[in-house]
Amino acid sequence: MSLAKYLPILDWGRRYDRDAFSNDMIAAVIVTIMLIPQSLAYALLAGLPPEAGIYASIAPIILYAIFGTSRALAVGPVAVVSLMTAAAIGNIAETGTMGYALAALTLAFLSGAMLLVMGVFKLGFLANFLSHPVIAGFITASGILIAASQLKHVLGISAGGDNLLEVLETLFAHLGDTNPITLVIGVSATAFLFWVRKGLKPRLRAMGLGPRMSDVLTKAGPVAAVVVTTVLTWALGLGDRGVAVVGEVPQSLPPLTMPSFSPELLKQLFVPALLISVIGFVESISVAQTLAAKKRQRINPDQELIGLGAANIGAAFTGGYPVTGGFARSVVNFDAGAETPAAGAFTAVGLAIAAVALTPLVYFLPKATLAATIIVAVLSLVDFSILKKTWGYSKADFFAVAATILLTLGFGVETGVSTGVILSIGLHLYKTSKPHVAEVGLVPGTQHFRNINRHKVETHEDLLTLRVDESLYFVNARYLEDLIQDRLASGQRIKNVVLMCSAVNEIDFSALESLEAINTRLKDLGIGLHLSEVKGPVTDRLGKTHFLHDLNGRVFQSQYDAWRTLTGAPRPNPAAEREAERNAATEAPAQVSGAVPNPA
Numbered sequence: 276m277s278l279a280k281y282l283p284i285l286d287w288g289r290r291y292d293r294d295a296f297s298n299d300m301i302a303a304v305i306v307t308i309m310l311i312p313q314s315l316a317y318a319l320l321a322g323l324p325p326e327a328g329i330y331a332s333i334a335p336i337i338l339y340a341i342f343g344t345s346r347a348l349a350v351g352p353v354a355v356v357s358l359m360t361a362a363a364i365g366n367i368a369e370t371g372t373m374g375y376a377l378a379a380l381t382l383a384f385l386s387g388a389m390l391l392v393m394g395v396f397k398l399g400f401l402a403n404f405l406s407h408p409v410i411a412g413f414i415t416a417s418g419i420l421i422a423a424s425q426l427k428h429v430l431g432i433s434a435g436g437d438n439l440l441e442v443l444e445t446l447f448a449h450l451g452d453t454n455p456i457t458l459v460i461g462v463s464a465t466a467f468l469f470w471v472r473k474g475l476k477p478r479l480r481a482m483g484l485g486p487r488m489s490d491v492l493t494k495a496g497p498v499a500a501v502v503v504t505t506v507l508t509w510a511l512g513l514g515d516r517g518v519a520v521v522g523e524v525p526q527s528l529p530p531l532t533m534p535s536f537s538p539e540l541l542k543q544l545f546v547p548a549l550l551i552s553v554i555g556f557v558e559s560i561s562v563a564q565t566l567a568a569k570k571r572q573r574i575n576p577d578q579e580l581i582g583l584g585a586a587n588i589g590a591a592f593t594g595g596y597p598v599t600g601g602f603a604r605s606v607v608n609f610d611a612g613a614e615t616p617a618a619g620a621f622t623a624v625g626l627a628i629a630a631v632a633l634t635p636l637v638y639f640l641p642k643a644t645l646a647a648t649i650i651v652a653v654l655s656l657v658d659f660s661i662l663k664k665t666w667g668y669s670k671a672d673f674f675a676v677a678a679t680i681l682l683t684l685g686f687g688v689e690t691g692v693s694t695g696v697i698l699s700i701g702l703h704l705y706k707t708s709k710p711h712v713a714e715v716g717l718v719p720g721t722q723h724f725r726n727i728n729r730h731k732v733e734t735h736e737d738l739l740t741l742r743v744d745e746s747l748y749f750v751n752a753r754y755l756e757d758l759i760q761d762r763l764a765s766g767q768r769i770k771n772v773v774l775m776c777s778a779v780n781e782i783d784f785s786a787l788e789s790l791e792a793i794n795t796r797l798k799d800l801g802i803g804l805h806l807s808e809v810k811g812p813v814t815d816r817l818g819k820t821h822f823l824h825d826l827n828g829r830v831f832q833s834q835y836d837a838w839r840t841l842t843g844a845p846r847p848n849p850a851a852e853r854e855a856e857r858n859a860a861t862e863a864p865a866q867v868s869g870a871v872p873n874p875a
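Residue numbering for the sequence shown follows the numbering used here, beginning at 276 and increasing consecutively.
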């Protein structure tokens with residue numbers, strides 16, 4: 276059982292049967308058909324030879340099948356990571372050189388090593404510092420940037436740039452060099468693929484085909500585009516008329532390669548590798564958990580780190596580049612009926628056969644067709660609705676998303692994702708630096724306490740009760756001090772202050788010092804400081820200090836005990852208490868100007 280924890284294949288492999296094999300094989304065939312053109316296209320996006328995309332889809336898939344916990348996640352090259360790879364290496368080596376390919380291998384190795392370390396030390400929680408809105412903004416901007424970067428292949432011109440402005444500038448500068456034949460191929464392939472994505476499946480269903488066959492044929496749409504444009508280019512000799520083609524692709528299995536361990540190169544790639552690791556893991560774990568939930572399966576995030584780390588290290592030693600779990604191919608894998616990670620291994624076998632037997636067939640494949648494949652795939656990632664959603668819900672999240680989109684488009688993916696990480700952490704610190712602290716009172720006839728601004732409650736002129744709705748740590752410690760100081764300055768004759776700690780899960784040393792300062796200040800004023808509903812672990816930590824011994828008051832097990840003790844209020848009879856609780860449950864909370872109804 277201990278070994279199976281780190282090698283999930285030992286768990287699902289023991290229960291593998293003929294039905295699972297049949298379902299996995301069907302899924303593998305469908306995903307393989309989808310992956311052949313996609314792998315070539317994403318390698319092109321990364322600035323690498325097309326075979327690198329196939330190589331990056333063989334060993335990594337097998338290694339993930341051994342170490343990963345998702346039954347449906349399909350690992351391999353993805354659009355965003357391919358773009359980040361190109362951005363990271365573009366300033367280090369020239370595209371098409373051995374140095375460029377070596378840097379890609381090294382980037383995959385570094386990313387894999389980082390993911391492995393994070394998995395071994397159970398650091399998967401670090402990915403939580405990237406908020407979902409910021410990730411959505413980054414992916415949206417990346418989708419636009421990727422689509423724009425592929426227009427040069429559709430037009431048949433030279434263009435480049437690390438950000439949207441540079442890409443558009445170079446596109447317009449070379450617009451007069453557009454190859455008309457390439458443009459026709461690129462536009463036709465793009466239009467066809469958009470139609471396949473939206474309209475082919477309903478048309479096939481209307482013709483009487485079953486859902487499974489309709490789905491297979493729809494997913495094979497990019498393959499049809501590849502076959503048709505390749506045959507036309509070969510038959511009409513379009514390669515001699517300026518249409519850029521893939522050219523010769525090595526007819527072999529992935530080679531054994533070795534990343535560079537040059538300290539200078541490792542230093543240059545460290546930050547990009549870290550960003551790729553985090554973004555790749557967040558994208559992968561999101562897809563894996565979504566698909567697992569549909570079958571009530573469980574994903575282990577820390578083991579996922581190990582699985583993805585092994586996959587990337589495998590890519591580094593077999594001629595690939597950084598990989599992660601892809602959304603589109605994983606959904607296809609899931610919908611096609613994949614039962615276990617063995618479906619991925621079968622996909623790897625299919626791609627290996629393609630690498631050995633089918634690569635000569637893509638010699639005349641137009642790069643415009645691959646660009647069309649990328650454009651159609653990435654535009655589905657573009658979602659500007661996140662701006663509207665965050666604007667209506669949280670202005671801070673809106674500005675974080677907007678800033679991530681604008682900076683990614685204006686300064687490139689590395690700046691965009693770095694900003695996203697900083698903004699996510701900054702948002703967390705900002706939101707927790709001013710925790711919600713409510714002054715609460717007793718709901719008449721009950722033992723429940725609610726916000727005095729939202730409910731009709733009883734208060735006592737001598738007693739101030741504050742419910743702290745956040746853990747206390749160095750960022751917000753002084754905020755509580757200032758809030759109590761301001762409340763005491765309001766003129767009310769207060770004799771006791773109670774901090775209701777039901778939502779406090781942690782008190783760090785900085786917060787402890789603030790509590791000690793509050794205790795000393797209240798003691799000098801002749802005001803008692805009391806705590807109520809303190810959780811066990813928090814009490815244990817406080818018990819190791821002198822704070823509880825020096826406390827100018829008591830620690831109450833419940834807020835109601837504190838209320839009765841400090842106000843001398845009699846306890847209501849049980850029948851009246853139950854009746855009051857029923858009435859409180861059906862009564863709408865009192866509204867205040869600008870407040871949103873909230874039962875707390």
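Where a beta carbon is used, it is the ideal one built from N, C-alpha and C, also for glycine. Because the structure is a prediction, the values reported are computed rather than measured.
Host alpha helix (DSSP H) of residue i (start-end)
i, result
"E524", "The sequence shown places Val at residue 524, rather than the Glu named in the question. Here V524 belongs to no alpha helix (DSSP H), and DSSP marks it neither H nor E."
"V498", "496-510"
"G418", "407-424"
"L580", "576-591"
"L817", "811-818"
"A629", "617-632"
"A448", "439-448"
"M482", "Where M482 is concerned, there is no enclosing alpha helix (DSSP H), given that its DSSP letter is neither H nor E."
"T372", "Counting along the chain, T372 falls outside any alpha helix (DSSP H), and DSSP gives it neither H nor E."
Beta-bridge pairing of residue i - partner residues as DSSP gives them
i, result
"I311", "DSSP lists no partner for I311."
"G431", "Paired residues: none, contrary to the question."
"N771", "L738, G803"
"I782", "L747"
"L717", "F724, E733"
"P641", "V520"
"V830", "L806"
Close Cβ partners of residue i (< 6 Å) along its chain, the five nearest in sequence each way excluded
i, result
"R293", "none"
"A586", "P335, L338, Y339, V350, V598"
"R290", "none"
"T665", "P408, D672, F673, V676"
"A778", "D744"
"G828", "G803, L804, H805"
"P283", "T344"
"I329", "S314, L626, A630"
"R573", "none"
"P477", "none"
Sequence-distant residues of its chain with Cβ nearer than 7 Å to residue i (five each side left out)
i, result
"T445", "A434, G435, G436"
"V871", "Because the pLDDT at V871 is just 36, under 50, the model does not fix this residue reliably, and the value given afterwards should be weighed accordingly. Closer than 7 Å at the Cβ level, and outside the excluded window around V871, lies no residue."
"S417", "V355, L358, T683, V688"
"G601", "A349, G351, V353"
Where the beta strand (DSSP E) containing residue i begins and where it ends
i, result
"F536", "First-last for F536: undefined, no H or E at that position."
"G803", "803-807"
"F724", "724-726"
"A358", "The sequence shown places Leu at residue 358, rather than the Ala named in the question. Unbroken run through L358 is the alpha helix (DSSP H), 354-365; no beta strand (DSSP E)."
From the options, residue whose alpha carbon lies closest to that of residue i
i, options, result
"E614", "A361, L391, L315, L566", "L566"
"I364", "A354, V355, V353, A376", "A376"
"L528", "L682, L626, A618", "L626"
"T493", "M309, L684, F659", "M309"
"G811", "L797, N780, N827, T795", "N780"
"R522", "P324, I333, R725, W287", "Before going on, a small fix: residue 522 reads as Gly here, not Arg. Among P324, I333, R725, W287, the Cα nearest to that of G522 belongs to P324."
"G474", "I456, V462, I460, G496", "G496"
"F467", "A652, L439, D515", "A652"
"T840", "E788, V773, T307", "V773"
"A752", "L430, T707, T370, V715", "T707"
"Y638", "E326, Y281, G288", "E326"
"L430", "G701, E369, I460", "I460"
"A837", "G716, S463, H449", "G716"
"K397", "V520, L511, G582", "G582"
Contacts around residue i, its chain only, beta-carbon distance under 8 Å, and the 5 residues preceding and following it disregarded
i, result
"G399", "M393, F556, I560, P576, D577, E579, L580"
"I649", "A316, Y317, L319, L320, A354, I421, A422, Q425"
"I588", "L338, A383, F384, G387, A388, L391"
"T842", "H735, D737, L738"
"T532", "L380, A591, F592, T593, G594"
Beta-carbon spacing of residue i, residue j below 7 Å
i, j, result
"T644", "A500", "yes"
"P534", "T679", "no"
"L698", "V750", "no"
"M775", "S746", "no"
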